[in-house]
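K.L.:
Going by this note's numbering, the letters in the sequence shown line up with residues 89 to 307, in that order. Even glycine gets a Cβ: it sits at the ideal position worked out from N, Cα and C.
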Amino acid sequence: MDNPIVVTIVILSIIFLIIVIAIISSNHEKRKTLKTQFDLELLKKENVLKEKDLELQNLVADARGIAQEFAAKQFEDWKNKELETHRKVMMQAATDKATALLQQWIIENEERIRKDAANRSVRNVLGKVTEHLIPFSEAMSQFNPKDIRFVGSPIDLIVFSGAEALETVTIHFIEVKTGTSALSKRQQLIRDAIDKGRVKWLRVNQKDFGDEVNEALKQ
């Protein structure tokens with residue numbers, strides 16, 4: 089080992105080995121660092137992919153919900169349209185059937201209808217005559233004829249005694265009977281309501297009649 093050349097070679101070999109080891113160690117650290125960086129980047133990419141996948145799932149769920157709502161609305165619209173069409177068809181069929189039955193009934197009862205119409209005409213005339221004559225009859229002499237109003241049904245007369253003279257008004261409900269005929273059940277109920285004071289005043293405004301009635305009144 090006293091040979092300087094040998095010593096130099098040994099020293100150079102040691103230095104070379106140290107350099108090689110340092111290079112290898114440096115490369116290992118670099119590879120380790122690169123692997124760590126790669127793993128971090130890969131994790132980031134995975135997280136991004138998971139977020140995108142979650143967003144996609146949410147979009148799919150929203151789209152499915154919108155599609156279901158749209159389908160439900162389309163079905164509801166179709167159902168309502170079909171029901172309306174069916175209702176119109178049934179209504180038209182019922183109207184046609186009723187019209188046909190009415191025409192058949194008129195044909196079968198034409199003679200009786202003419203007689204009934206004549207009888208009603210006579211009754212209407214008698215009613216008008218009675219309406220104008222009763223206020224001036226002896227039975228109504230206690231009242232001012234202008235206070236008497238002919239109703240006809242379910243009772244014959246209502247007298248607003250004192251109304252024409254603008255005095256205290258007393259209201260009389262009068263039923264005209266022939267012979268010993270009794271009050272009908274409906275008339276008895278009306279009489280009992282009056283006797284027990286179940287009579288009320290009610291004011292109704294025309295605007296409360298409803299649009300259809302008001303439109304009809306304008307025509």
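Who pairs with Thr258 in a beta bridge, going by DSSP?
P.N.:
As a working note, residue 258 is residue 170 in the sequence shown. BP columns for Thr258 point to Ser249.
K.L.:
Take Ser269 and list the residues in its own chain whose beta-carbon comes closer than 8 Å to its own, dropping the five residues that flank it on each side.
P.N.:
Reading the sequence shown from its first residue, position 181 is the one you call residue 269. Answer for Ser269: no residue qualifies.
K.L.:
Where does Ile102 sit, in a helix, a strand or coil, going by DSSP?
P.N.:
Position 14 of the sequence shown, counting from 1, holds the residue named residue 102. Note: Ile102 maps to helix in three-state DSSP.
K.L.:
Could you pull the start and end residues of the alpha helix (DSSP H) that Arg237 belongs to?
P.N.:
Along the sequence shown, read from residue 1 onward, the residue named residue 237 stands at position 149. Here Arg237 belongs to no alpha helix (DSSP H); instead the beta strand (DSSP E) covers Ile236 to Phe238.
K.L.:
Taking the C-alpha atoms as reference points, what is the distance between Asp244 and Ile236?
P.N.:
Indexing the sequence shown from 1 puts residue 244 at position 156. Indexing the sequence shown from 1 puts residue 236 at position 148. In a straight line, the C-alpha of Asp244 is about 10 Å away from that of Ile236.
K.L.:
Taking the alpha-carbon positions, what's the Glu303 to Lys295 distance?
P.N.:
Mapped onto the sequence shown, residue 303 falls at position 215. Mapped onto the sequence shown, residue 295 falls at position 207. For Glu303 and Lys295, the distance between alpha carbons rounds to 11 Å.
K.L.:
Hey, could you find the ends of the alpha helix (DSSP H) Lys273 is sitting in?
P.N.:
Against the sequence shown, residue 273 aligns to sequence position 185. Lys273 to Asp283 is the span of the alpha helix (DSSP H), which, as asked, contains Lys273.
K.L.:
Would you tell me roughly how many angstroms separate the C-alpha atoms of Asp141 and Leu128, rounded to the nearest one?
P.N.:
Here the question's residue 141 lines up with position 53 in the sequence shown. Here the question's residue 128 lines up with position 40 in the sequence shown. If you take the alpha carbons of Asp141 and Leu128, they lie about 19 Å apart.
K.L.:
Could you tell me the distance, in whole angstroms, from the CA atom of Gln162 to the CA atom of Glu170?
P.N.:
As a first step, residue 162 is located in the sequence shown; it is residue number 74 there, counting from the start. As a first step, residue 170 is located in the sequence shown; it is residue number 82 there, counting from the start. Their backbone Cα atoms lie some 12 Å apart in a straight line.
K.L.:
Can you have a look at Val177 and say buried or exposed, based on whether 16 or more other CB atoms are within 10 angstroms of its CB?
P.N.:
In the sequence shown, the residue the question calls residue 177 occupies position 89. Burial call: exposed.
K.L.:
Excluding the 5 residues flanking Asn232 on each side, which residues of the same chain have their C-beta closer than 6 Å to its C-beta?
P.N.:
Translated into positions along the sequence shown, residue 232 becomes position 144. Closer than 6 Å at Cβ, skipping near neighbours: Glu252.
K.L.:
Just verifying my parser: in three-state terms, what is the DSSP assignment at Lys288?
P.N.:
On the sequence shown, position 200 is the one that residue 288 refers to. Looking at Lys288 - three-state DSSP - the assignment turns out to be coil, as it is neither helix nor strand.
K.L.:
Quick check: the Cα distance between Lys133 and Ala110, rounded to an integer number of angstroms?
P.N.:
If you number the sequence shown from 1, residue 133 lands on position 45. If you number the sequence shown from 1, residue 110 lands on position 22. Approximately 34 Å, taken between the alpha carbons.
K.L.:
If you run the structure through DSSP and keep just helix, strand and coil, what is Lys167?
P.N.:
As a first step, residue 167 is located in the sequence shown; it is residue number 79 there, counting from the start. Helix at Lys167.
K.L.:
Verify whether the separation of the beta carbon atoms of Thr256 and Ser249 is less than 7 Å.
P.N.:
As a working mapping, residue 256 is identified with position 168 in the sequence shown. As a working mapping, residue 249 is identified with position 161 in the sequence shown. No, these two residues do not count as a Cβ contact at 7 Å.
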